[in-house]
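Protein chains in written order, with this note's numbering: chain A, 1 to 235; chain B, 236 to 658.
Where a beta carbon is used, it is the ideal one built from N, C-alpha and C, also for glycine.
Because the structure is a prediction, the values reported are computed rather than measured.
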Amino acid sequence: MSYCVNCGVELDDSVKSCALCSTPVINPNVSVSPEDAVDPFPARMVIPAGVRRRYAAFIASMVFLIPNIVCLVINLLLNFGYLWAIYLNATSAIIWLLFVFPFLLRKPKSYIIIPVDAIGVILYTAVFYSIQHGEGWLFKLAIPLILVVFTFVFSVVEWIKYKRRDWPILVTSILIQVSVLSFAIELLFRYYYSLRLLPVVSIIVFACCLALIAFFISVKSNKRLRAWLSRKFFI
Amino acid sequence: MSPPKIWFKLDNAATIFPGQNTSRWSNIFRFSVAIDRKIDPELLGKALQNVIVRFPCYDVRLRYGLFWYYFEKNPNGAPPVEPDVVNPCHRVKFKENRGYLFRIYYYENRISGDFYHALTDGMGAAYFVCTLAAEYLRLCGVEIKPFGYVLDITVPAKQSELDDPYLKCGNSKGRVSRKIQRVYHALGTKMPAHTVNITRGIIPLDGIHALAKSYGATITEFIGALLLFVHYEKQREEKRKQRKVSVQIPVSLRKVFGVETLRNFSLYYLIDIDPLMGEYTFEEVLRHVMLYLRDINNEKTLRAMTSANLKLTTSPFMRAVPLFIKDFAIGLGFLLTGEQATSVLFTNLGKINLPPEMHEHIDFVEVMAGPGKLNAARCGGCGFGNKFVIDFANIYVESDIERRFFTKLVQMGLHVKIESNRR
C-alpha cells in the first residue's frame, strides 16, 4: 500500500506515479511490484468508427453529378445554338471542389486543398474567359490575383496552424499579411490598366493596419491595458 | 402472419437525447458492480439473457418515426457481453451493438453497463446492473432473493415500471423560469475524441457521512458544495473574468412522487455562486447549497419543473414539426445552451440497497457520469457497505480539479484511495 507524498491519497499497487499529481511512487516495502499488480482499469481501447464522411461526400458528389449530366445531354440533344449547360457544369464543379472535395480526402491537408482550390478557381475563370472571348485579362489580372489571394489564405492558415499563439500576436500577423496583400492587389490592377506602379489605396490600408498593429503590440506588452480591455469589452 | 410489433414512445426526458447525439458524443453514463470473483463472460452472457426479459423497456432499439423517435422490441436477443474498455461511455450509434442502447462490459471482477440516457437514468441502470450481478452470482451457486435494487426476474415487469411518469406528474399550473446564463468552464488540453480520463476515489462511507453531518449537511450537499468551491478557487487563481460557478445536481423523482418506473424520471437543480459578490469560504458555499436545495426540493416545485419540461412533447406545434427539423433544432439548442449554464455536475445515487445474501460478495458499486462537452470533470457517486465511490470523468488531460477535490477531503481527515485509467 503506497501513499502519495504530495496529495496524501492512497494509491493502487499497479501505479508507478500518482494519478493526481504525477509524483513517482517509490516504496521499497510493497509486496507486489506495479508490473505484477492487477490494473484497476483495462488496457483495451475501442475507438468507434467516425462519421462516414467520405461516404456522405460521395453521395453529395453523385447528387451534383446527375443533374449536370442530364442538363449536358439535353443541351447536346436539343440544339439551342450555344452550350448553356457549361455554366451549370462549371459552377457545380467549383462548388463541388470547394465544399465537397475536402471531405473526400482521407486526411484533409491545407497544402493539398488550397492549391487544388486555386487551380479550380483559375479553371472556372478560364471557362468564362473562353466563352466571352476576353482580351487578356485572364493572364494579366485574374490568374495573378487568384494566386495572390490563395497565397494569402495559405500563409494565414499555416501561420495559425503552426503554433498556438497569444491573440494579439495572431491579429498583428494577419494585419501585416493584409497590408502586403493590398499592395500586391493594387500593383496588379495598376499593371493591368497600365498605370504608374505606385501604391495609393494600399498606402491607406497599410496606414490603418500600422495603427492597429501598434495598438495590438502595446496590448501584448501592457498587462494593465490588456486587463482594462478585457474588463471593458468582455461579451 | 407475423405478430404485431411491440413499440412504445420515448419518455419525456428521453425525447431530447437522440437530437443531441453526434458522431463524437452521446449522453451516456455507466453503472458498475464489483463482485468477489473473476467474471466468466459466458456465464455473464447467460445471466444477461435471463435478466433482459424482466426489463422490456431496455430490450429495445430506437426507430425513426415521421414526428418522433420510438422504441421497438429488439429482435436480436441481447447485446454482446464484451471485455471492458479504458475509454467507457463513448458515443452510441443506434444501429451498432445489435441495436441495443446499452453495452455490458466485464473486467476482472467488475460488471459494467454503459447506458444511453434515452433509455433510463442512473436509478434504472442501477436496478438493471444490480439484478444482472445477482443473477450472475445465482448462476455461480449463490442463493439470492429479490430485494432492494435486485428485482424478481421470475415475474414479468409491472406496467408501472414501464410507464412514462412525467405525463402523470407534470400537471402543475405553476411555472418555474429557467434562465440560461453562461458560467465558468475550466479549460485544459482536450483529450482525443472518444477518450476520457477517469479518476475513482474510494472513501469510507461512514467517514464522509460523519464529515457532512458535522456541517449539518447531507453527502450530496457536501460534495456538491465542495465541487463548487474547487471550481470557484480554480477560477480565482486563473485571474480571468470572474463568471458565476454552478453545479448541476440531478435528482430522482421516484421517491417524491411515489413512482417505481425503470425509465427516466429525474430533474436537475442548478446551484450557482457569483464570485463578483465577494470572497467565499467553503462553509459559506456549503450553507448556500444547503439552503438552496432544502428550499427547492419540494413536491410542488418539482411538479412545476416537470410541467415546464413537458412543453416539448405536449405543445401541438412542436408535435407537428417533422423529426429531422426537431433533431436539428435540439442539436443546435444543445450546442448553444447545453452545458453553458453548468460548471460541473454531481450525481449521487446514494446508498445502494442490495439483498443481505449479496453483501459478502460485493466489493463496491459505482456510477460514472459520462464525459461532458464543456465540463472538465463530471462526477458520480454512490455507496455500498462502507465504501463510497466518487468517479470523475474528465475530458481534459490535466487532473487539477480531481486533485484539488480529493486533497481537500484528505485535509478534512478522510482516507481516500485513488484509482485511475491515466497511464
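For the alpha helix (DSSP H) holding residue i, just list the boundary residues, first then last.
| i | result |
| --- | --- |
| serine 550/B | No alpha helix (DSSP H) contains serine 550/B, which DSSP labels as neither H nor E. |
| serine 92/A | 85-95 |
| proline 115/A | 110-132 |
| serine 347/B | Segment 345-351 is the beta strand (DSSP E) holding serine 347/B; no alpha helix (DSSP H) there. |
| proline 276/B | 276-287 |
| cysteine 71/A | 53-77 |
| glutamate 595/B | No alpha helix (DSSP H) holds glutamate 595/B; DSSP gives it neither H nor E. |
| proline 400/B | 400-404 |
By Cβ distance, which residues of its chain are closer than 6 Å to residue i, with the 5 residues on each side in sequence left out?
| i | result |
| --- | --- |
| proline 381/B | Asp387 |
| glutamate 637/B | Thr434 and Phe627 |
| phenylalanine 103/A | Arg53 and Ala57 |
For residue i, report the span of its beta strand (DSSP E) as first-last.
| i | result |
| --- | --- |
| glutamine 714/B | No statement about residue 714/B is possible, as the shown extent of chain B runs from 236 to 658 and does not include it. |
| leucine 245/B | No beta strand (DSSP E) holds leucine 245/B; DSSP gives it neither H nor E. |
| glutamine 483/B | 480-487 |
| leucine 505/B | 501-508 |
| glycine 615/B | 612-619 |
| lysine 663/B | Past the edges of chain B, shown from 236 to 658, lies residue 663/B, and the structure says nothing about it. |
| lysine 16/A | From DSSP, lysine 16/A is part of no beta strand (DSSP E); its letter is neither H nor E. |
| lysine 586/B | 579-586 |
Taking all protein chains shown into account, decide if residue i is buried (16 or more other Cβ within 10 angstroms of its Cβ) or exposed.
| i | result |
| --- | --- |
| lysine 561/B | buried |
| threonine 548/B | buried |
| isoleucine 235/A | Note that isoleucine 235/A scores a pLDDT of 45, beneath 50, so its modelled location is shaky and nothing firm can be said. |
| isoleucine 213/A | buried |
| threonine 257/B | exposed |
| leucine 279/B | buried |
| histidine 466/B | buried |
| threonine 91/A | exposed |
| valine 15/A | buried |
| valine 201/A | exposed |
| aspartate 36/A | exposed |
Residues in its own chain within less than 7 Å of residue i by CB, not counting five upstream and five downstream?
| i | result |
| --- | --- |
| asparagine 75/A | Leu83, Trp84 and Ala85 |
| asparagine 6/A | Cys18, Cys21 and Thr23 |
| leucine 175/A | Cys209, Leu212 and Ile213 |
| glycine 8/A | none |
| isoleucine 443/B | Ile454, Phe623 and Leu649 |
Could one say the Cβ of residue i lies closer than 7 Å to chain A's Cβ atoms, at least one of them?
| i | result |
| --- | --- |
| tyrosine 342/B | yes |
| histidine 429/B | yes |
| threonine 434/B | yes |
| threonine 642/B | yes |
| histidine 325/B | yes |
| proline 485/B | no |
| arginine 202/B | Within the shown structure, residues of chain B are numbered from 236 to 658, placing residue 202/B beyond reach of any answer. |
| aspartate 319/B | yes |
| asparagine 322/B | yes |
| arginine 478/B | no |
| isoleucine 636/B | no |
| glutamate 601/B | no |
In its own chain, which residues sit with a C-beta less than 8 Å from the C-beta of residue i, not counting the 5 before and 5 after it?
| i | result |
| --- | --- |
| proline 439/B | Asn621, Lys622, Phe623, Leu649 and His650 |
| lysine 244/B | Trp303, Tyr305, Phe306 and Asp399 |
| proline 557/B | Leu301 and Phe302 |
| valine 30/A | Met1, Ser2 and Asp13 |
| proline 590/B | Ala369, Ile379, Lys380, Pro381, Phe382, Gly383 and Val385 |
| tryptophan 242/B | Arg298, Tyr305, Phe306, Glu307 and Lys308 |
| asparagine 332/B | Pro314, Pro315 and Arg338 |
| methionine 593/B | Ala368, Ala369, Leu372, Val377, Ile379 and Val385 |
Got a sec: is the Cβ-Cβ distance from residue i to anything in chain B below 7 Å?
| i | result |
| --- | --- |
| arginine 196/A | no |
| isoleucine 235/A | Legend: pLDDT at isoleucine 235/A = 45, less than 50; position of this residue unreliable, value from coordinates given subsequently. Not one chain B Cβ lies under 7 Å of isoleucine 235/A. |
| isoleucine 66/A | no |
| proline 102/A | no |
| arginine 44/A | yes |
| valine 178/A | no |
| alanine 19/A | yes |
| valine 171/A | no |
| leucine 11/A | yes |
| phenylalanine 41/A | yes |
Item to complete: Please determine if the segment 435-454 of chain B and the segment 644-656 of chain B are in contact, where contact requires at least 3 C-beta pairs separated by less than 8 Å.
Response: Because the criterion of three Cβ pairs below 8 Å is met, the segment 435-454 of chain B and the segment 644-656 of chain B touch.
Discussion item. Check whether the segment 599-613 of chain B and the segment 487-507 of chain B touch, using three or more Cβ-Cβ pairs below 8 Å as the test.
Written reply: With the cut-off at 8 Å, the segment 599-613 of chain B and the segment 487-507 of chain B do not touch.
Worksheet item: Hey, is the segment 551-558 of chain B in contact with the segment 413-430 of chain B, meaning 3+ C-beta pairs nearer than 8 Å?
Response: Because the criterion of three Cβ pairs below 8 Å is not met, the segment 551-558 of chain B and the segment 413-430 of chain B do not touch.
Practice prompt. Decide if the segment 361-373 of chain B is in contact with the segment 252-272 of chain B; the criterion is three or more beta carbon pairs, one per stretch, under 8 Å apart.
Written response: The segment 361-373 of chain B is in contact with the segment 252-272 of chain B.
Discussion item. Does the structure place the segment 248-266 of chain B close enough to the segment 511-521 of chain B that three or more beta carbon pairs sit under 8 Å?
Written reply: Contact between the segment 511-521 of chain B and the segment 248-266 of chain B is absent: fewer than 3 CB-CB pairs across the two stretches fall below 8 Å.
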